[in-house]
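**Student:** In the working numbering, the protein residues as written are 1483 to 1740. C-beta: ideal position from N, C-alpha, C; glycine also. Have a look at this one before I ask anything.
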Amino acid sequence: MTSQERWTVLLLAGSRPGGDPLTRSLHVDCKPLLPIAGEPMVLRPVRALLATQKVSLIRVLTQQVERLREVLPDDPRLVVERSDDTIAATLQRLCADPATPYPLLVTTADHALLTPQMIEEFIAGSAGSDVAIGFVSRSNMLTRFPDAQRTWLRFGAERYSGANLFALRTPEARIGIERWRSVEQDRKKGWRVLLQMGLPLFLGAVLRVRDLHQSARGLSRSLGITIKGVVLSDPTAAIDVDKAADYTLVNAIIAGRA
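Structure, rendered in structure tokens:
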């Protein structure tokens, strides 16, 4: 990684048609506009990204283009665009576009606790890969938040939760996006995702004989690209706002109560 490297961010800011249980309970019909500490949630990751030196452009991808434009800051590094029906379809289209610059950093509007430090740690850890995925270990998470409820994937003796940070460093990353699209509907069902990624990877995880990095190397060989798992030091990197308990916890963390 050079000091001149500049990243384009794809900030996924979609919402489900008709909302979800959390947005409906808060009488909000657009998830990125959920109120967090008195402001629309999407502003928090945007602010962190704008404060990160290596970020040169943020492309906010949403179905609610005009509504998000109304709340986002007026900054030349920030544009709002219409997304496709699914995350994988959106990323696949952008990765296939010859005008899309690399490297790309992908994150989400519900990453309300995102910080420049997390972003910088993840970018540094992604060096040398085509695709990198951010994780937080269960042991790290439970040390600070013993009651945390996350979706855990087991690799070796440890379990990990995704941190909603993805690096697509090269055009070869489209191979990983195509595979993601094939398993997108099962992304919350860890064992199904692993099984579709390949039987050796699945068995290695189930039998606890492959740790996260060994599994990434195995998947790299299978797909013909270099994939890395980047384990982040801040456990809050794995806390997104997906359900009522997350919403309560995020507000408590921001207020200094957790």
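With DSSP as the reference, identify every bridge partner of Leu1587, one or two as the case may be.
**Tutor:** Walking along the sequence shown from the start, residue 1587 turns up at place 105. Answer by DSSP bridge pairing, in chain order: Val1491, Ala1649.
**Student:** With respect to the beta strand (DSSP E) encompassing Gly1616, which residues constitute its N-terminal and C-terminal limits?
**Tutor:** As a first step, residue 1616 is located in the sequence shown; it is residue number 134 there, counting from the start. Unbroken beta strand (DSSP E) run through Gly1616: 1613-1619.
**Student:** What residue range is occupied by the uninterrupted alpha helix (DSSP H) comprising Ile1709?
**Tutor:** Locating residue 1709 in the sequence shown gives position 227, counting from the first residue. Careful: Ile1709 lies outside any alpha helix (DSSP H), inside the beta strand (DSSP E) at 1709-1713.
**Student:** Measure the alpha-carbon distance for Glu1521 versus Ala1720 and round it to whole angstroms.
**Tutor:** Working through the sequence shown from its first residue, we reach residue 1521 at position 39. Working through the sequence shown from its first residue, we reach residue 1720 at position 238. Roughly 21 Å separates the two Cα atoms.
**Student:** Suppose contacts are defined by Cβ-Cβ distances below 9 Å. Is Leu1595 in contact with Thr1505 by that definition?
**Tutor:** Counting from one through the sequence shown, the residue named residue 1595 turns up at place 113. Counting from one through the sequence shown, the residue named residue 1505 turns up at place 23. The answer is no: Cβ separation not under 9 Å.
**Student:** When the Cβ atoms of the region 1703-1715 are set against those of the region 1490-1500, are three or more pairs found closer than 8 Å?
**Tutor:** no
**Student:** Rounded to whole angstroms, how far is the Cβ of Ile1709 from the Cβ of Asp1612, which I believe are closer than 8 Å?
**Tutor:** As a working mapping, residue 1709 is identified with position 227 in the sequence shown. As a working mapping, residue 1612 is identified with position 130 in the sequence shown. Confirmed, about 7 Å.
**Student:** Between the Cα of Ala1606 and those of Leu1647, Leu1554, Cys1577, spot the shortest distance and give me the residue it belongs to.
**Tutor:** Residue mapping note: residue 1606 aligns to position 124 of the sequence shown, counting from 1. For the residues Leu1647, Leu1554, Cys1577, the minimum Cα distance to Ala1606 belongs to Leu1647.
**Student:** Count the C-beta pairs between the region 1724-1737 and the region 1615-1626 that are closer than 8 Å, then say yes if the count reaches three, no if not.
**Tutor:** no
**Student:** Taking the continuous beta strand (DSSP E) assigned at Arg1541, which residues delimit it?
**Tutor:** Position 59 of the sequence shown, counted from the first residue, corresponds to residue 1541. Per DSSP, Arg1541 belongs to the beta strand (DSSP E) from 1537-1544.
**Student:** So, using beta-carbon positions, are Arg1656 and Cys1577 closer together than 9 Å?
**Tutor:** For the purposes of this step, residue 1656 is taken as residue 174 along the sequence shown, with counting starting at 1. For the purposes of this step, residue 1577 is taken as residue 95 along the sequence shown, with counting starting at 1. Yes, the Cβ-Cβ distance between Arg1656 and Cys1577 is below 9 Å.
**Student:** So which of Ala1591, Val1618, Asp1567, Asp1566 has the shortest CA-CA distance to Pro1514?
**Tutor:** Within the sequence shown, numbered from 1, the residue matching residue 1514 stands at position 32. Among Ala1591, Val1618, Asp1567, Asp1566, the Cα nearest to that of Pro1514 is on Ala1591.
**Student:** Under 8 Å Cβ to Cβ from Leu1694, same chain only, skipping five residues before and after it: list those, please.
**Tutor:** The sequence position of residue 1694 within the sequence shown is 212, counting from 1. Answer for Leu1694: Phe1617, Phe1637, Gly1638, Glu1640, Tyr1642, Gly1711, Val1713, listed in chain order.
**Student:** Check Val1561 in the structure and name its three-state DSSP category.
**Tutor:** For the purposes of this step, residue 1561 is taken as residue 79 along the sequence shown, with counting starting at 1. Here Val1561 sits in strand by DSSP.
**Student:** Tell me the DSSP bridge mates of Arg1551?
**Tutor:** Position 69 of the sequence shown, counted from the start, is the residue given in the question as residue 1551. None, per the DSSP bridge assignment.
**Student:** Between the C-alpha atoms of Ile1553 and Leu1701, what's the straight-line distance to the nearest angstrom?
**Tutor:** As a position in the sequence shown, residue 1553 is number 71, starting the count at 1. As a position in the sequence shown, residue 1701 is number 219, starting the count at 1. The sequence given here places Val at residue 1553; Ile does not occur at that position. Straight-line Cα distance between these residues: approximately 40 Å.
**Student:** Put Glu1640 into one of helix, strand or coil per three-state DSSP.
**Tutor:** In the sequence shown, counting from the first residue as 1, residue 1640 sits at position 158. It is a strand residue.
**Student:** In the DSSP assignment, find the alpha helix (DSSP H) that holds Ile1736 and state where it starts and stops.
**Tutor:** What you label residue 1736 is simply residue 254 of the sequence shown in a count that begins at 1. Start and end: 1726-1736.
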